[in-house]
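Each remark here refers to the structure printed beneath this line.
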Amino acid sequence: MNVDIGNALDGDLGLAREDLDALDDRVADAHERIERGRADAEHGYAALNLPDTCDPAPIREAAAGFDPDHLLTVGIGGSALGAATLTDALGSRVDCRYLDNVDPVWVESILADVDLSATVVNVVSRSGTTAETLSNFLVVREAMERAGVDWTERTVVTTGESGNLRAMADQHDLPALDVPDGVPGRFSALSTVGLFAAELAGVDLDALLAGAAAEADRLAGSLFESPAYAYGATTYALAERGAVTNAVMPYAESLERFAEWFAQLWAESLGKDGGGQTPARALGATDQHSQLQLYRAGPADKLVTLVRPRESDDLAIPETDLEGLSYLGGSSLGELLDAEFRATEASLAAAGRENVRVELDRVDAHGVGELLYGMEAACVLYGELAGVSTFTQPAVEWGKKAARGLLGGGEFAEADAVSEKRRLEVE
Ligand SMILES: O=P(O)(O)OC[C@H]1O[C@H](O)[C@H](O)[C@@H](O)[C@@H]1O
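Here the sequence shown is numbered in the UniProt record's numbering, starting from 1 and rising by one per residue.
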């Protein structure tokens, strides 16, 4: 992963090179803290050891013997987005669907769309208790029974040591993959959680983990020596100066889901104690024709992260005799995308709007391994600099308890707040 922070300097928010030089001492301290956490495999920090600790063998073993047309991953948040990011970015020989919502109309349409007798189900929940995931799984299970498919023959469970899912896997003797200790969901893409889908999809897991390992090797006690820390420190420094939004704009359709994965990573990890940075999802070049107006001319309270592969396959634009379009003929869609990327970057900079360029060599397993690991390390560094508890999500838990209380799943004070809702209806 290559990070260019030049356009983050001397813009409207006033971040100067000297500020980053001054911040670098704190980056060194934070790096030491992160390395200590990794050495002790502390909760959260253990995720940054996955390139070494993740063993693809049990994942391959769980996937062997299946040759499905469809893979239905049932999970939510960190138990779906990592896998979805990998299979979207790297392509799949299997039709991958992600049941990560409980919209009944949508769930029903997916179930109607796949051949359940040619489907593998991977039900993923670290806690084994998430209501959306377990409910969806019960629905899928019943649909399989109705279709005369033995779901126990086609289900692989990925979960923690205990919980409802673990109990079900034991009861029905289902193949089960362990979610590694100390790895929160949003940091688990490079573990059993993300890699079962990737394996079935045909992704080269060794190359993916090698890419992550290469990025891990670049972590160092200075932001000027580590692309991941350059990104984490710069986004933190800009947030301190008022960049409350971070618009992540990949220039590759295959990385659109990456922006969604990034949004959970950034929001749940850093949105604490009144601080954080709101992740916005954009796509280049498409959103140049929608959101870019705001990013260039709206409030000076954001940064734009432009992400792209340095190389990719290309498609020629045919010659044309249409006057005014001749400049396009003989060029290629790749050249056009590249020009759009650089033009957007320049247009933001010319308006004083901070932006950061993140590049990978190609959207391949190695490059995506680098990118995901790099962003996780950047996030952990930002969390250290901001002094927040990066690996918890108490605000999310609050809502989960309220919903559970409403559904009669126990007594939760949080559910009382629902009846206290203020109303001012206009009909
Ligand atoms: O894997 P699970 O335990 O089912 O959790 C799935 C998701 O649910 C929660 O609401 C958390 O906020 C997420 O961080 C987590 O990834």
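Note that CB positions come from ideal geometry on N, CA and C, so glycine has one too. On a predicted model such as this, the values are computed, not experimentally measured, just so you know.
What separation, rounded to the nearest whole angstrom, lies between the Cα atoms of residue i and residue j?
i	j	result
Asp-55	Asn-164	25 Å
Ala-282	Leu-86	18 Å
Asn-262	Thr-344	Before going on, a small fix: residue 262 reads as Phe here, not Asn. Phe-262 and Thr-344: Cα-Cα distance of roughly 21 Å.
Thr-235	Glu-354	10 Å
Pro-175	Ala-63	10 Å
Gly-65	Cys-379	38 Å
Asp-273	Pro-279	17 Å
Ala-230	Glu-376	13 Å
Leu-371	Met-1	6 Å
Ignore the nearest five residues each way along the sequence and tell me which others in residue i's own chain have a CB closer than 8 Å to its CB.
i	result
Gly-410	Arg-404
Val-114	Asp-69, His-70, Leu-72, Asp-95, Arg-97
Between the Cα of residue i and those of the options, spot the shortest distance and give me the residue it belongs to.
i	options	result
Leu-130	Val-74, His-43, Thr-85, Glu-61	Reading off the sequence shown, one finds Thr at residue 130, where the question assumed Leu. Ranking Val-74, His-43, Thr-85, Glu-61 by Cα distance to Thr-130 puts Val-74 first.
His-31	Asn-355, Phe-224, Leu-371	Phe-224
Arg-60	Asp-338, Ser-191, Leu-333, Gly-284	Ser-191
Pro-394	Ala-285, Gly-271, His-366, Asn-49	Gly-271
Asp-100	Glu-132, Ala-377, Leu-303, Ala-239	Glu-132
Phe-196	Val-156, Thr-286, Arg-186	Val-156
Met-249	Leu-50, Thr-305, Asp-40	Thr-305
Ala-158	Ser-125, His-172, Gly-148	Just to set this straight, residue 158 is Thr in the shown sequence, not Ala. Considering only alpha carbons, the answer is Ser-125.
Asp-12	Arg-241, Leu-325, Leu-328	Arg-241
Val-179	His-172, Phe-187, Arg-36	Phe-187
residue 428	Gly-194, Trp-151, Ala-233	The first residue shown for the chain is 1 and the last is 427, placing residue 428 beyond what the model contains.
Ala-300	Asp-314, Ala-239, Gly-383	Ala-239
Put residue i into one of helix, strand or coil per three-state DSSP.
i	result
Pro-394	helix
Val-248	strand
Ser-332	strand
Arg-308	strand
Ser-226	coil
Cys-96	strand
Val-123	strand
Glu-199	helix
Lys-401	helix
Glu-411	coil
Thr-87	helix
Asp-217	helix
Pro-58	helix
Looking only at its own chain, which residues have a Cβ that is under 6 Å from the Cβ of residue i, when we skip the five neighbours before and after it?
i	result
Asp-4	Arg-357
Ala-198	Leu-86
Leu-200	Ala-63, Leu-71, Val-94
Considering only residues of the same chain and omitting the five flanking positions on each side of residue i, which have a CB-CB separation below 7 Å?
i	result
Pro-58	Leu-177
Gly-367	Gly-211, Pro-309, Leu-360, Asp-361
Ala-386	Tyr-236, Leu-270, Gly-275
Leu-255	Ala-89, Val-307, Val-363
Report yes or no: is there a C-beta of chain C within less than 8 Å of the C-beta of residue i?
i	result
Thr-87	In the structure shown, chain C cannot be found, because there is only a single protein chain.
Original post:
Within the structure, which residues are defined as neighbours of ligand 1 by a Cβ-heavy atom distance below 6 Å, reported in chain order?
Top reply: Ile-76, Gly-77, Gly-78, Ser-79, Ser-125, Arg-126, Ser-127, Thr-130, Thr-133, Gly-185, Arg-186, Glu-268, Gln-393, Val-396, Lys-400
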